[in-house]
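Have a look at the structure below, then the notes.
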Amino acid sequence: DAGVIQSPRHEVTEMGQEVTLRCKPISGHNSLFWYRQTMMRGLELLIYFNNNVPIDDSGMPEDRFSAKMPNASFSTLKIQPSEPRDSAVYFCASSVRENEKLFFGSGTQLSVL
Amino acid sequence: DQQVKQNSPSLSVQEGRISILNCDYTNSMFDYFLWYKKYPAEGPTFLISISSIKDKNEDGRFTVFLNKSAKHLSLHIVPSQPGDSAVYFCAASFMDSNYQLIWGAGTKLIIKP
Numbered sequence: 002d003a004g005v006i007q008s009p010r011h012e013v014t015e016m017g018q019e020v021t022l023r024c025k026p027i028s029g030h031n032s033l034f035w036y037r038q039t040m041m042r043g044l045e046l047l048i049y050f051n052n053n054v055p056i057d058d059s060g061m062p063e064d065r066f067s068a069k070m071p072n073a074s075f076s077t078l079k080i081q082p083s084e085p086r087d088s089a090v091y092f093c094a095s096s097v098r099e100n101e102k103l104f105f106g107s108g109t110q111l112s113v114l
Numbered sequence: 007d008q009q010v011k012q013n014s015p016s017l018s019v020q021e022g023r024i025s026i027l028n029c030d031y032t033n034s035m036f037d038y039f040l041w042y043k044k045y046p047a048e049g050p051t052f053l054i055s056i057s058s059i060k061d062k063n064e065d066g067r068f069t070v071f072l073n074k075s076a077k078h079l080s081l082h083i084v085p086s087q088p089g090d091s092a093v094y095f096c097a098a099s100f101m102d103s104n105y106q107l108i109w110g111a112g113t114k115l116i117i118k119p
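Protein chains in written order, with our numbering: chain A, 2 to 114; chain B, 7 to 119.
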């Protein structure tokens, strides 16, 4: 199994641009999570999907952030417009079901200039 | 308000000796605790977990101890190996919303040869 696959690994963009992060969860996993890691706030849950349905998006910081999961094998996290304070590492993780251990992707290092 | 605290940002241990990583929590309603390990440029990987009904869980060289009265858990690694050098995160969750992990800030463990 290839594990959770995220793309791109690195993204450098200018303030105001749209950024789209992509995630392919492990096949057969029903739960998908988007996390953000910063020095100041550590690991924060942004949104949680179960069976492709968003269950909890209370961690999404602002309306500039949106996430979709059109099918069981793909999810996106979009930031529009991006701001320098969005610079962070964004992780996608999946699990077999809600209360099982998480498998993380390698993350996307986002830099907004 | 940090509900899960890892007060040691880093720890240096001689190879072959015991590594002890500590984690404190403030919310007595947490009932499930996990440790994840993270290498640079990778996502966290699950290491070991413990339910609040237990006070110890062991998996090979890794043992987690839970002291509910002190709201404290620790991860013991015996013997420590160079490959154990990584950042270790403690996380906690509630039984009724166990997808929502509350993460500590992490402790960087360095194993000296």
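C-beta: ideal position from N, C-alpha, C; glycine also.
The three-state secondary structure of R86(A), taken from DSSP, is helix. DSSP places E12(A) in the uninterrupted beta strand (DSSP E) bounded by 11–14. Not a single C-beta of chain A is nearer than 7 Å to the C-beta of F39(B).
By the 16-neighbour rule on beta-carbons within 10 angstroms, R37(A) is buried. By the criterion of at least three beta-carbon pairs nearer than 8 Å, the stretch 48–58 of chain A is not in contact with the stretch 104–114 of chain A. A73(A) does not reach chain B, its nearest Cβ partner there being about 17 Å away, counting only Cβ pairs nearer than 7 Å. The bridge partners DSSP lists for I108(B) are A98(B). The count of Cβ pairs closer than 8 Å, one atom from the stretch 72–81 of chain B and one from the stretch 84–95 of chain A, stays below three, leaving the stretches out of contact. Closest in C-alpha terms to F68(B), from the list S18(B), K43(B), L17(B), comes K43(B). Shown in chain order are the members of the stretch 83–96 of chain B whose Cβ falls below 8 Å from a Cβ of chain A: F95.
Per DSSP, the unbroken beta strand (DSSP E) holding D57(A) starts and ends at 54–57. For E48(B), at least one C-beta of chain A is nearer than 7 Å to its own C-beta. Neighbours of S32(A) in chain B, taken as residues at a C-beta separation under 8 Å, are given in chain order as Y105. When CB distances to chain A are screened at a threshold of 7 Å, not a single residue of the stretch 25–39 of chain B falls below it. For E84(A), no CB of chain B lies under 7 Å from its own CB, so it is not counted at the interface with that chain. Within the same chain, and ignoring the five residues on either side of D65(B) in sequence, the residues whose Cβ sits closer than 6 Å to its Cβ are I54.
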